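S.K.: Below are the structure tokens for one structure; questions will follow.
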Amino acid sequence: MSLCIYYKNRIGLTFNKREHIFPKAIGGIERLDAGVVSDQANEFFANNLEVKTLRMSEIFIGRIVNGYNKKPSKEKQKNRTLPEFLFNREIDSRTLGKIAFNSLAKIKGKDYVLKPEFDEFRNWIIGGNNDWYHCKMGKEIIASTQIMPNQSHYCVFVDDGEYLIADVCLYNCWRKMFGICRSFDDSFVIPKGYICDWKNKKEFTLMELMHELAELEDLKYQNLKELGNALG
Numbered sequence: 002m003s004l005c006i007y008y009k010n011r012i013g014l015t016f017n018k019r020e021h022i023f024p025k026a027i028g029g030i031e032r033l034d035a036g037v038v039s040d041q042a043n044e045f046f047a048n049n050l051e052v053k054t055l056r057m058s059e060i061f062i063g064r065i066v067n068g069y070n071k072k073p074s075k076e077k078q079k080n081r082t083l084p085e086f087l088f089n090r091e092i093d094s095r096t097l098g099k100i101a102f103n104s105l106a107k108i109k110g111k112d113y114v115l116k117p118e119f120d121e122f123r124n125w126i127i128g129g130n131n132d133w134y135h136c137k138m139g140k141e142i143i144a145s146t147q148i149m150p151n152q153s154h155y156c157v158f159v160d161d162g163e164y165l166i167a168d169v170c171l172y173n174c175w176r177k178m179f180g181i182c183r184s185f186d187d188s189f190v191i192p193k194g195y196i197c198d199w200k201n202k203k204e205f206t207l208m209e210l211m212h213e214l215a216e217l218e219d220l221k222y223q224n225l226k227e228l229g230n231a232l233g
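When we follow this note's numbering, the leftmost residue of the sequence shown carries the number 2, and every step to the right adds one.
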């Protein structure tokens with residue numbers, strides 16, 4: 002029997018669809034493998050979390066300002082009115098928590114996120130039935146937004162010695178940090194992350210980004226060295 006990373010072994014689950022790691026509505030590209038997130042969880046997120054966060058919270062401003070990949074017709078632009086923002090912090094936090102959990106599943110795999118250490122976090126995302134997960138204020142910034150692609154979305158994980166911390170950010174602007182579980186292994190002593198560069202239609206890991214930046218710096222160094230040699 003297939004297990005859903007959110008509903009686990011709940012009866013009657015189906016797995017016909019695949020879950021986007023970052024919501025498609027904000028430019029998410031890649032999806033988790035089939036059999037990771039059930040259709041029932043996918044539908045719950047779409048109808049209860051994402052629709053409220055991405056259409057009726059301040060994050061909607063990011064979609065209006067930055068767009069994503071479609072331009073509305075002139076008629077739609079003329080008649081469009083902005084929604085009344087609800088600023089539902091619990092719903093918004095759970096949406097960002099879901100992005101964090103999807104990213105963790107992408108980085109570490111289904112079996113890892115099915116571990117019981119994550120049960121309280123997964124149950125909070127689905128049910129909002131505990132308040133253990135708050136923004137981790139006062140923690141060091143895990144990932145500088147300056148190294149991330151312009152207006153990108155990202156989720157970075159690091160073990161701070163007490164908790165596994167997830168740092169989630171949309172449009173390099175709206176940000177939330179979670180202590181998603183007590184530290185229980187050494188998987189995130191070195192930060193790991195997943196990034197959605199929706200403007201360039203690419204997604205990649207933090208390690209891949211760091212390798213790319215290192216190669217660019219090495220290329221700059223080599224070019225300067227060659228220029229110096231040419232000038233004598």
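Cβ atoms here follow ideal geometry from the backbone N, Cα and C, with glycine treated the same way. Values in this document were obtained by computation on a predicted structure and should not be read as measured data.
(1) N230 to K221, Cα distance in whole Å?
(2) Nearest to A42 by CA position, among N10, E227 and E31, is which residue?
(3) May I have the straight-line CA-CA distance separating L217 from C174, to the nearest angstrom?
(4) Can you give the Cα-Cα distance for I108 and D93, rounded to whole angstroms?
(5) Going by CA-CA distance only, name the one from D186, K25, E20 and E121 that's closest to K200.
(6) Can you give, in chain order, each stretch of the beta strand (DSSP E) that sits fully within the segment 146-217 and has at least 3 residues?
(7) Could you compute how far the alpha carbon of N151 sits from the alpha carbon of C197?
(8) In terms of alpha-carbon separation, which member of D40, V157 and L228 lies closest to L171?
(9) How many Å lie between K226 and L232 at the Cα?
(10) Which runs of the alpha helix (DSSP H) fall wholly inside the segment 10-56 and span at least 4 residues, in chain order?
(11) Pick from E31, E204 and V38: whose alpha carbon is nearest that of C5?
(12) Confirm, please, whether the CB-CB distance from C182 to E118 is below 8 Å.
(13) What number of angstroms, rounded off, separates the C-alpha of D112 from the C-alpha of N224?
(14) Taking just the CA atoms, how far does L228 sit from K116?
(15) Apart from the five residues just before and just after K99, which ones in its own chain have a Cβ nearer than 7 Å to its Cβ?
(16) Taking its Cβ as the centre, do 16 or more other Cβ atoms sit within 10 Å of T15, making it buried, or is it exposed?
(17) Give the C-beta separation of R32 and E44 to the nearest angstrom, bearing in mind that I take them to be a contact with Cβ-Cβ under 8 Å.
(18) Take S104 and list the residues in its own chain whose beta-carbon comes closer than 7 Å to its own, dropping the five residues that flank it on each side.
(19) For Y8 and L214, what's the separation of their Cα atoms in angstroms?
(20) I'd like the list of long-range same chain contacts for S3, defined as Cβ closer than 6 Å, with 5 residues on each side in sequence excluded.
M.R.: The structure says:
(1) 14 Å
(2) N10
(3) 25 Å
(4) 23 Å
(5) K25
(6) 154-160, 164-171, 175-183, 193-198 and 203-206
(7) 10 Å
(8) V157
(9) 10 Å
(10) 40-45
(11) V38
(12) yes
(13) 45 Å
(14) 54 Å
(15) F46, L50 and I126
(16) exposed
(17) Contact flag wrong, Cβ pair sits at about 15 Å.
(18) I22, C156 and Y195
(19) 38 Å
(20) F16 and G36
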